[in-house]
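Residue numbers (our numbering): 302 to 449.
#1: I need the DSSP call for residue 412, collapsed to helix, strand or coil.
#2: In the DSSP assignment, what residue or residues form a beta bridge with residue 337?
#3: Alpha carbon to alpha carbon, how far is residue 425 from residue 327?
#4: Which of the three DSSP states is assigned to residue 397 in this structure?
#5: In the DSSP assignment, what are the bridge partners of residue 382?
#6: To the nearest whole angstrom, what separates the beta carbons of residue 382 and residue 319, a pair I think is in contact under 8 Å?
#7: Just to confirm, is the Cβ distance from residue 322 to residue 312 under 7 Å?
#8: With distances taken from CA atoms, which of 314, 339, 364, 412 is nearest residue 394?
#9: What does a CB cutoff of less than 8 Å around residue 401 pick up in its chain, not counting 5 residues either side in sequence?
#10: Taking the beta strand (DSSP E) that residue 426 falls in, what are its first and last residues?
#11: How about residue 362 and residue 411: do their beta carbons lie closer than 7 Å?
#12: Excluding the 5 residues preceding and the 5 following residue 391 in the sequence, name in chain order all residues of the same chain whose CB lies nearer than 8 Å to its CB.
#13: Near residue 360, what residues of its chain come up, given a Cβ to Cβ distance below 6 Å and the 5 sequence neighbours on each side ignored?
#14: So residue 305 and residue 333 are supposed to be a Cβ contact under 8 Å. How far apart are they, rounded?
#15: Which value, in whole angstroms, describes the spacing of the CA atoms of residue 428 and residue 398?
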């Protein structure tokens, strides 16, 4: 990044990120953008809204997709932090992306995709709470259930 970001640019970047985040996460709880002399940090709190069953892989995918959509538009951002809650406000997980993770995100995000925990590896750090560990990993949860 070249030089510090002036106040007007900070306001513009913050507003754009907040607008995008409100559209990306239908149940966005919080969106903060903070600036330092070395770049910017995006902090997001959201509740996944994918239907009646929430899969961990879907949470990781939607958060990684959010960062993927922003990394090229706002290269000033050098850290992403996501805190995920359920509808009862129980914390499910913390997801972090640092500068190294941001640089490797496109390769990890667009690499091998499909069922499983691949999107988890888009993040530099993943901390899943006991409540979050109760969530099924992916749609393979239904195998053997005899559901149509």
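Backbone N, C-alpha and C fix where the C-beta goes; we use that ideal spot for every residue, glycine too.
According to the structure data:
#1: coil
#2: 340
#3: 24 Å
#4: strand
#5: 344, 397
#6: Contact flag wrong, Cβ pair sits at about 15 Å.
#7: no
#8: 364
#9: 425
#10: 426-429
#11: no
#12: 430, 432
#13: 349, 385
#14: In fact, because the Cβ distance is near 19 Å, the residues do not count as touching under 8 Å.
#15: 12 Å
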